[in-house]
Each structure stands twice: as C-alpha cells, then as structure tokens.
Amino acid sequence: MTDRLVDEAKLLLRNVSFQIVSQGAEALVFKTNIHPYFNDDQDESSYIIKYRPRKPYRHPKIDKSITKSRTIGEVKFMFKLAKAGIRAPRVVSTDYFNGIIWMEHIGYSLPDGKESTLKNWLWYLEKVRGESLSEEVQRICVEVGYLIGDLHLNDMIHGDLTSSNIMLDKKGPALIDFGLSSYSALPEDKAVDLYVLERAMNSTHADYASEYNSWLLKGYEKAHSDGHYSKQANKSFVEIIKRLEDVRLRGRKRSMIG
Amino acid sequence: MVYLQTKFPQFPEYTIFISLYRGVQKEVIEGVKTGLISGDEKYDFCFLNTTHIISVEQLYNAVHKALLNDLNESKVAKTLNTEIILNLSPINNIGDALRRFGVNENQSDVIVIKVLPSGTNEAGLDKLNNSVIELLGGSSVSNPTLNDDIIFSDLVDMKKLKKVYKLNDAKIDFSQSIQNDISKLVIACCHLRGC
Numbered sequence: 001m002t003d004r005l006v007d008e009a010k011l012l013l014r015n016v017s018f019q020i021v022s023q024g025a026e027a028l029v030f031k032t033n034i035h036p037y038f039n040d041d042q043d044e045s046s047y048i049i050k051y052r053p054r055k056p057y058r059h060p061k062i063d064k065s066i067t068k069s070r071t072i073g074e075v076k077f078m079f080k081l082a083k084a085g086i087r088a089p090r091v092v093s094t095d096y097f098n099g100i101i102w103m104e105h106i107g108y109s110l111p112d113g114k115e116s117t118l119k120n121w122l123w124y125l126e127k128v129r130g131e132s133l134s135e136e137v138q139r140i141c142v143e144v145g146y147l148i149g150d151l152h153l154n155d156m157i158h159g160d161l162t163s164s165n166i167m168l169d170k171k172g173p174a175l176i177d178f179g180l181s182s183y184s185a186l187p188e189d190k191a192v193d194l195y196v197l198e199r200a201m202n203s204t205h206a207d208y209a210s211e212y213n214s215w216l217l218k219g220y221e222k223a224h225s226d227g228h229y230s231k232q233a234n235k236s237f238v239e240i241i242k243r244l245e246d247v248r249l250r251g252r253k254r255s256m257i258g
Numbered sequence: 259m260v261y262l263q264t265k266f267p268q269f270p271e272y273t274i275f276i277s278l279y280r281g282v283q284k285e286v287i288e289g290v291k292t293g294l295i296s297g298d299e300k301y302d303f304c305f306l307n308t309t310h311i312i313s314v315e316q317l318y319n320a321v322h323k324a325l326l327n328d329l330n331e332s333k334v335a336k337t338l339n340t341e342i343i344l345n346l347s348p349i350n351n352i353g354d355a356l357r358r359f360g361v362n363e364n365q366s367d368v369i370v371i372k373v374l375p376s377g378t379n380e381a382g383l384d385k386l387n388n389s390v391i392e393l394l395g396g397s398s399v400s401n402p403t404l405n406d407d408i409i410f411s412d413l414v415d416m417k418k419l420k421k422v423y424k425l426n427d428a429k430i431d432f433s434q435s436i437q438n439d440i441s442k443l444v445i446a447c448c449h450l451r452g453c
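Residue numbers (the working numbering), protein chains in the order written: chain A, 1 to 258; chain S, 259 to 453.
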C-alpha cells in the first residue's frame, strides 16, 4: 500500500529523491535535501514534503476538491502562525492540484538516530540518561506550554496536540502537523485542545506525566500573564482552566443533552 | 552584462533567465506596454517593476509555481509570462497583479524573466541579454547583477510591499535578517491564493 503511494509521489515529484518519514490516514510525509526552486550548493538544510494521495474510494471530482481545500487550509494555518510569530515550519511551495506541500524541516537527529520530537527526546532522556526531571526538561516543557498559550491567544486551535507533534531544536519548540487545526475563541475548544495534550502525555510518558503536565500548564499560564496580549488574557486563562476541569470529568466529546 | 540563470530540479527541460536593467526611459516603458498589449513577439518576456520584489527567492518561487501550473494544466492566465506575474501576487486577479507587478512608467528599474528550453547555451543567453538591452534603450541602460543586497538596499519599497502583502500586523523578529523573514512570509502569502 505504502509502496504504491510512494511510487505515485515519485511520479509527481520528478527528479526529487526523498525518504519516507511517516504515514498517516490522510497524508504521507517525506524528507528531502532538494529545494524546489532555490538550490544553493552550500545549503545543507532539508525540507519536508507532505503528500495527500488520491483516495480511490471517493468520486474523483469530490476527491480533488477535498484534497485541495484541506491542503489550502493547512497552508493558511501555517501562514497565520508565521505571521503571528509562532514557531512552525515555513511554507516553501505548494501543488494544490496534487495535494503536495513543501515546507522547511525543523529539528535534528537525536543521538539514538530518531527525529527530535518532544516525545522522542523525553523517551531518550528516560531510557538512556535517566534525567527525566532535570531543569532542562522543566525549561523545555514550560516553553512548550508558552507556545501553546501563544497559539490559543491568537484564537487558533491545533486539534491534535501530542508530544510527537512538537519538534525541538536549538531555538526552542515548534508546532507541526496542522491537518486537524481550526479557529475558535471559545474556552471550550481551547480546553479540549489542552485535554488532548494531557491525555497524550499521560499515555506516552506515564511515569512522569503529572510533572510534565504541571510544567506545561505553568508555561501556558505564563503566556497569558505576560502582557503581550490584552488585559483580558488573564481572565480567559481562568475560564479555560475552569473548562478544562469540566472536560476532564466528561471527556473530549460534549454531551448531547441540553 | 550580467544575468542570473537557474534550473529547477523538477523541470530539467527549462532554463530560467532573470536580469535587472536600470535607468530605462519612460517612453521606452510605454513602448514595452503597447508592445505587450498588442502581443508583439519581440516583447515575449516577463517584464516586472521592482517596487514589490523583496528577494530573488520570491521571483524563483513565482516562476516555479507558474511552471507547475503549466504542467498540471491549471494555468489561469493566457501565457506563461502573465502566469508568473499572477503568481507574485497575493490576490487572484490578473489585472490587479499586472498593475502592481508589471512594468510601470514611473519606475526606471525593470526586471526581465524568460523561461527558455534548457538547450540554450551561454552564447544564446548573452545574445538574449543583448537583445533585451537593445529593446530597453541600448547604451543608456545599465545592467547590474541582481542579488538580494541590491534589492533590499536600492529597489524594494518596504512600505508598499507590506501593504500589498498585508504584513503590517505581522510579528517580525528584528534581531534576525528581516529580508529573509519577510521574503518567507511573502512567499507563503502568494501560496494562499489556492491555485
């Protein structure tokens, strides 16, 4: 299955060599060293290609328009992040017709060869170095929380916050994968976003989840109290936390009663 | 006589020629405009003014996207040259794009882009460059190398650029290279049109 899709992508991305990084239900993610239009011999940075393949079970016309609108939606979200100064990959090029986005690659390889997502980094520290609760981890977790606070203060919802959708590099954390993103100013949606992250942390980093989560929330609060945004930010933080407690009791989905 | 030439990995069959000409007379630009409107083959180039151009990368992005649309047969404009201009614009309106990015009588700096078959050799490109200089007024025109420094220090009008791409409320990190930062934002902005 994957091979067939990779072959399709090879046909579309003529003369571009790439390695597959991951595959989801909707898209494949490739990594390449080739810039689509600005090749510099000294430049050693790499790029990410996100490819949404055709779905053979959909009507071709509907398939085209769904692929196109989702790809555009993701590019728009990334542009808005860049404009708001929130760290995320920059758009390099797009091919809406074939569902392809080129973007910059963020992150580096950890000593065990894996990509530097928050998840892999925390796992690496847990397994190899046994310093899961060091000050560095605390600092990074607070920074991640701050980043998410920034995102929510711009009324943007990531929709799929997990520790593997947060990349780390020298400049700090950055968000990736905006396939489920949306825009909302409601405390409910922001609280659900936080709840999804909390659950993800609980299941992927079970031993230290409570510390990680409290640091994340600390950073989240810091973003709201920093004064970069309106004075209402503090108030909305209180509202979101109140909502988060409700969401914890009932789960991600709102009940249909009332 | 200096010009940039490049190739895109996805399009080995094309060579892209980009060059800057300064000190072009008003009458000559008017002539270029009428030539373009009447579809004169002598003027089969992509003529740009420099007001809203922030980097060479931005130009390459537009050419790349135009070639991609040509390949996918999803071109909106009639010709490849106009498609390049449209792909520089953040708005899906060809007339508007031509007004903002096409040649302008009040602007003596002109950037010329031409997509050539990749068989074209150095001599062919030199000849092409000479013919463009001839077209734009001969010896009164200077032909400096187009690079990011000259664009940023001499050519771009930041105020107008920010207005066209609606970047006035953008948070830009002034501790880093602003040109690079804005250039990346501008490129992403061009991709929002969705075609």
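Don't be surprised by glycine CBs; every beta carbon is placed ideally from N, CA and C.
Does the CB of residue i have a neighbour CB from chain S at under 8 angstroms?
i      : result
A/S261 : The requested residue 261 of chain A is not part of the displayed model; chain A covers only 1 to 258.
A/F30  : no
A/M276 : Residue coverage of chain A in this structure runs from 1 to 258, which leaves residue 276 of chain A outside it and unanswerable.
A/S45  : no
A/L153 : no
A/T67  : no
A/K55  : no
A/T204 : no
A/D95  : yes
A/Y37  : yes
A/K222 : no
A/K83  : yes
A/R280 : Nothing can be reported for residue 280 of chain A: it is not among the residues displayed for chain A, which extend from 1 to 258.
A/R52  : no
Between residue i and chain A, is there a C-beta pair that is closer than 8 angstroms?
i      : result
S/D407 : no
S/S332 : yes
S/L338 : no
S/N350 : no
S/I445 : yes
S/A428 : yes
S/D328 : no
S/G452 : yes
S/H310 : no
S/D431 : yes
S/F266 : yes
S/N438 : no
S/N345 : no
For residue i and residue j, I'd like the C-alpha separation in whole angstroms.
i      : j      : result
S/E299 : S/K291 : 13 angstroms
A/A233 : S/I371 : 49 angstroms
A/N39  : S/A335 : 27 angstroms
A/K114 : A/T71  : 27 angstroms
A/K68  : A/A185 : 26 angstroms
S/N405 : S/E315 : 10 angstroms
A/H35  : A/V238 : 45 angstroms
S/V282 : S/E288 : 11 angstroms
S/Q263 : S/F269 : 14 angstroms
A/V92  : A/E104 : 7 angstroms
A/I176 : A/D189 : 19 angstroms
A/V75  : S/H449 : 8 angstroms
S/G360 : A/K231 : 45 angstroms
S/I274 : S/F303 : 11 angstroms
A/P60  : A/E26  : 16 angstroms
A/E211 : A/Y229 : 27 angstroms
Measure from the alpha carbon of residue i to the alpha carbon of each residue in the options, then state which is nearest.
i      : options                           : result
A/K83  : S/R451, S/C453 and S/A446         : S/A446
S/N401 : S/F359, S/N364, S/V321 and S/N387 : S/N387
A/Y51  : A/K61, A/V29, A/S134 and A/N15    : A/V29
S/G297 : S/K265, S/L329, S/T340 and S/F275 : S/T340
S/Q365 : S/Q434, S/K333 and S/E285         : S/E285
A/R90  : A/L249, A/G227, A/K10 and A/S46   : A/S46
S/L338 : S/I349, S/L374 and S/I311         : S/L374
A/L12  : A/Q19, A/G99 and A/R58            : A/G99
S/D412 : S/L356, S/L278 and S/D354         : S/L278
A/L5   : A/N15, A/R14, A/Q23 and A/S17     : A/Q23
S/R280 : S/D431, S/D427, S/I391 and S/F432 : S/I391
A/G159 : A/R252, A/R243 and A/Y124         : A/R252
S/Q419 : S/V399, S/V444 and S/D431         : First, the residue type needs correcting, since residue 419 of chain S is Leu and not Gln in the sequence shown. Considering only alpha carbons, the answer is S/V444.
S/V260 : S/A381, S/L356, S/T308 and S/L317 : S/A381
S/D367 : S/A428, S/V414 and S/E271         : S/V414
Next item on the list: For the stretch 440 to 452 of chain S and the stretch 420 to 429 of chain S, state whether three or more C-beta atom pairs, one from each stretch, are separated by less than 8 angstroms.
Entry: yes
Next item on the list: Could I get the ranges of all uninterrupted beta strand (DSSP E) runs contained in the stretch 16 to 93 of chain A, with 3 residues as the minimum, in chain order?
Entry: 19 to 23, 28 to 32 and 47 to 51
Note to self: Quick test of the definition: if touching needs 3 or more C-beta pairs under 8 angstroms, does the stretch 109 to 129 of chain A touch the stretch 186 to 198 of chain A?
What the structure shows: no
Next item on the list: Could you pull out every unbroken alpha helix (DSSP H) segment of at least 4 residues lying fully inside the stretch 91 to 163 of chain A, listed in chain order?
Entry: 118 to 124 and 135 to 153
Notebook entry, point to check: Counting only runs that start and end within the stretch 405 to 437 of chain S, where is the alpha helix (DSSP H) found for 4 or more residues in a row?
Noted result: 416 to 422
Next item on the list: Answer yes if the stretch 137 to 147 of chain A comes into contact with the stretch 53 to 66 of chain A, meaning at least three C-beta pairs across the two stretches below 8 angstroms, and no otherwise.
Entry: no
Next item on the list: Would you check if the stretch 223 to 232 of chain A and the stretch 142 to 157 of chain A touch, i.e. whether three or more CB-CB distances between them fall below 8 angstroms?
Entry: yes
Next item on the list: At 4 residues or longer, and completely inside the stretch 369 to 408 of chain S: list those alpha helix (DSSP H) runs for me, N to C.
Entry: 380 to 393
Notebook entry, point to check: What are the start and end residues of each continuous beta strand (DSSP E) run of 3 or more residues lying completely inside the stretch 259 to 285 of chain S, in chain order?
Noted result: 262 to 266 and 269 to 279
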